[in-house]
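The structure under discussion appears below in the form of structure tokens.
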Amino acid sequence: MSSFWNWYIGIIAVANILACVWLIRWTAKKRPDEKPAHETTGHEWDGLTELNNPMPRWWLWLFYATIVFGLVYLALYPSFGSYAGLLGWSQYSQWEQEVAETEERVAPLFEEYAGIPIPELAEHSDAMQTGRRLFENNCAVCHGVDGGGRVGFPNIANDDWQWGGEPEQILTSILEGRRGNMPALGGALGEDGVEKVAAYTFSLSGRDAPEELVSAGKELFEQRCVACHAADGTGRTALGAPSLANDNWIYGGSLEAIKTSIRDGRQGFMPPQKDLLGEDRVHLLAAYVYSLSMDERNGAAEDVADGGEGDE
Ligand code: HEC
Ligand code: HEC
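Under the numbering used here, the first residue of the sequence shown is numbered 10, with each subsequent residue one higher.
Written out as structure tokens, the structure reads:
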């Protein structure tokens with residue numbers, strides 16, 4: 010709150026108190042015995058008149074007591090500008106104290122978790138419950154409660170990674186943040202070129218597109234795209250270039266969305282969490298994110314053990 014409001018509200022409070030003092034003194038000017046016995050206010054309803062008697066003393070003292078209470082309250086608690094009050098209490102200091110107390114309680118737990126390697130921590134059910142709460146509070150706004158993502162925010166609950174799914178890579182993504190850069194190629198390719206290469210990109214995930222566009226687009230793709238997205242379109246995690254060869258899309262897999270990605274470029278930004286959450290919490294979050302794709306990882310490992318013949 011700005012100091013203007015601090016002063017403004019304090020001054021109004023005091024002005025109100027002074028006005029009450031004046032009002033009480035004004036209405037109670039005369040003691041009961043100084044008044045003629047039957048003076049009326051002049052109001053009359055159906056023959057009933059209102060007597061103009063002063064307030065009873067005890068009532069008056071009740072009013073004075075509330076005024077004293079108000080003044081004492083103003084003196085004890087923060088009331089004007091930066092005046093902290095005789096008690097030194099404020100909502101901020103109370104909040105800070107509560108945060109500090111909570112931190113003191115939970116910090117050793119996060120520290121303990123931070124000592125456990127990520128794949129191992131990902132199997133630790135208590136830790137993963139805490140991880141889920143952290144995720145819901147800090148990550149779900151963008152990546153969704155289940156980590157499934159939405160347009161512009163990648164799915165981090167599957168085993169298809171833009172920046173890599175190794176524990177260290179996930180940790181780096183969260184700690185340092187990520188900035189993807191898909192250059193706008195509309196100018197270089199022309200609308201005709203965008204059309205062709207988009208058709209080829211569309212076909213990479215096993216969907217049908219007009220044959221002549223696809224073969225012309227393949228040539229353009231080899232010239233313009235393989236440096237980042239690799240020859241088979243599976244992407245390069247070192248550059249954050251996602252795979253275009255499966256059906257997981259960050260910005261949408263319709264022909265229109267693909268054309269927009271190519272024509273106008275895309276610049277996704279994952280905000281770094283190091284300073285916001287600290288390294289210990291990020292370690293736990295990395296384990297939680299790792300755990301989200303654990304079934305897929307294990308499935309893939311079993312597939313390999315079965316000789317690659319999973320029954321999906
Ligand atoms: C300089 C490296 C680079 C080049 C060259 C490049 N891309 Fe990309 N592309 C990226 C990166 C990085 C992203 C992810 C952008 C982000 O994170 O916001 C991306 C994203 C995309 C997407 C969106 C994917 C999704 O999941 O929604 C499409 C489609 C795409 N690129 C197609 C192409 C095509 C087609 C070409 C060639 C004409 C191309 N890119 C050339 C780096 C590149
Ligand atoms: C403001 C939105 C936002 C928030 C909040 C956010 N992220 Fe992200 N995150 C992104 C975007 C956008 C990307 C993709 C960056 C790019 O295009 O290169 C991303 C990428 C990632 C990646 C890399 C994914 C991959 O496929 O390699 C991980 C891991 C990740 N985020 C985890 C988290 C975690 C954990 C949190 C919570 C602490 C979090 N994010 C909070 C927007 C967000």
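Don't be surprised by glycine CBs; every beta carbon is placed ideally from N, CA and C.
Quick caveat, the model's predicted, so the values are computed rather than measured.
Taking all protein chains shown into account, decide if residue i is buried (16 or more other Cβ within 10 angstroms of its Cβ) or exposed.
{"i": "F78", "result": "exposed"}
{"i": "Y82", "result": "exposed"}
{"i": "I18", "result": "exposed"}
{"i": "Y122", "result": "buried"}
{"i": "Y101", "result": "exposed"}
{"i": "T111", "result": "exposed"}
{"i": "L180", "result": "buried"}
{"i": "D320", "result": "Interpretation of D320 is limited by its pLDDT of 45, a score under 50 that renders its predicted location unreliable; the figure taken from the coordinates is listed afterwards. D320 is exposed by the Cβ-count criterion."}
{"i": "N4", "result": "The question about residue 4 has no answer here: the residues shown for the chain are numbered 10 through 321."}
{"i": "H47", "result": "exposed"}
{"i": "Y73", "result": "exposed"}
Short check: CB of residue i to CB of residue j, under 9 Å?
{"i": "T161", "j": "G277", "result": "It is Gly, not Thr, that sits at residue 161 in the sequence shown. Cβ distance < 9 Å, so G161 and G277 count as in contact."}
{"i": "L248", "j": "L229", "result": "no"}
{"i": "P176", "j": "A93", "result": "no"}
{"i": "L80", "j": "I20", "result": "no"}
{"i": "D273", "j": "G195", "result": "yes"}
{"i": "G226", "j": "S214", "result": "no"}
{"i": "L285", "j": "L294", "result": "no"}
{"i": "Q171", "j": "P251", "result": "yes"}
{"i": "E120", "j": "D304", "result": "no"}
{"i": "A116", "j": "S302", "result": "no"}
{"i": "N15", "j": "G90", "result": "yes"}
{"i": "G186", "j": "T210", "result": "no"}
Going by the C-beta, is residue i closer than 8 Å to any heavy atom of ligand 1?
{"i": "C237", "result": "yes"}
{"i": "Q276", "result": "yes"}
{"i": "L198", "result": "yes"}
{"i": "M137", "result": "no"}
Under three-state DSSP, which class holds residue i?
{"i": "T49", "result": "strand"}
{"i": "W35", "result": "helix"}
{"i": "T75", "result": "helix"}
{"i": "G317", "result": "At G317 the pLDDT is 47, less than 50, meaning the model places this residue with poor confidence and gives no usable figure here."}
{"i": "M279", "result": "strand"}
{"i": "M303", "result": "helix"}
{"i": "R141", "result": "helix"}
{"i": "F13", "result": "helix"}
{"i": "A166", "result": "coil"}
{"i": "G308", "result": "helix"}
{"i": "A207", "result": "helix"}
{"i": "A225", "result": "helix"}
{"i": "A236", "result": "helix"}
{"i": "R290", "result": "helix"}
I'd like to confirm the pairing. Which residues does DSSP put opposite residue i in its beta bridges?
{"i": "T58", "result": "E53"}
{"i": "F89", "result": "Paired residues: none, contrary to the question."}
{"i": "R159", "result": "F162"}
Please confirm whether any heavy atom of ligand 2 lies closer than 8 Å to the CB of residue i.
{"i": "D282", "result": "Here residue 282 turns out to be Gln, not Asp, going by the sequence shown. Yes, the Cβ of Q282 comes within 8 Å of a heavy atom of ligand 2."}
{"i": "F119", "result": "no"}
{"i": "L253", "result": "no"}
{"i": "Y122", "result": "no"}
{"i": "M303", "result": "no"}
{"i": "L143", "result": "yes"}
{"i": "I127", "result": "no"}
{"i": "S134", "result": "no"}
Is residue i close to ligand 3? I mean its beta-carbon at under 8 Å from any heavy atom of the ligand.
{"i": "L248", "result": "This structure lacks ligand 3; its bound ligands are ligand 1 and ligand 2."}
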